[in-house]
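Trainee: In the working numbering, the protein residues as written are 783 to 879.
#1: Excluding the five sequence neighbours on either side, which residues of its own chain have a C-beta within less than 7 Å of the C-beta of residue 813, listed in chain order?
#2: Is DSSP giving residue 813 helix, strand or coil here?
#3: Considering just the uninterrupted stretch of the alpha helix (DSSP H) at residue 823, what are its terminal residues?
#4: Sorted by chain position, which residues of the same chain lie with C-beta nearer than 8 Å to residue 832's C-beta, five sequence neighbours on each side aside?
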């Protein structure tokens, strides 16, 4: 997969290319094929198989620890701390006419 890295000479010195340019394009194409929004369509069209998709899912890193779960939504907390109006009085009106 491009290892050892390719070294290219340029006027500014040596440049190390980790992946050949074509592999970047191939990675982008495969990412589109396996996108969860379009994968069912791509399977029906025969572009990939369900087995290919399952194999792709197994190669993905588990990033579950990067997300957050539970807790209070800050916008809901602000609504909960707002003063309540007494029953029978509409909010924002002057009852002393």
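Every residue, glycine too, gets a C-beta built ideally from N, C-alpha and C.
Mentor: Once the coordinates are examined:
#1: Result list for residue 813: empty, nothing under 7 Å.
#2: Residue 813 falls in the helix class under three-state DSSP.
#3: 821-827 is the extent of the alpha helix (DSSP H) around residue 823.
#4: If we look at residue 832 and ignore the five residues flanking it on each side, its Cβ neighbours are 825.
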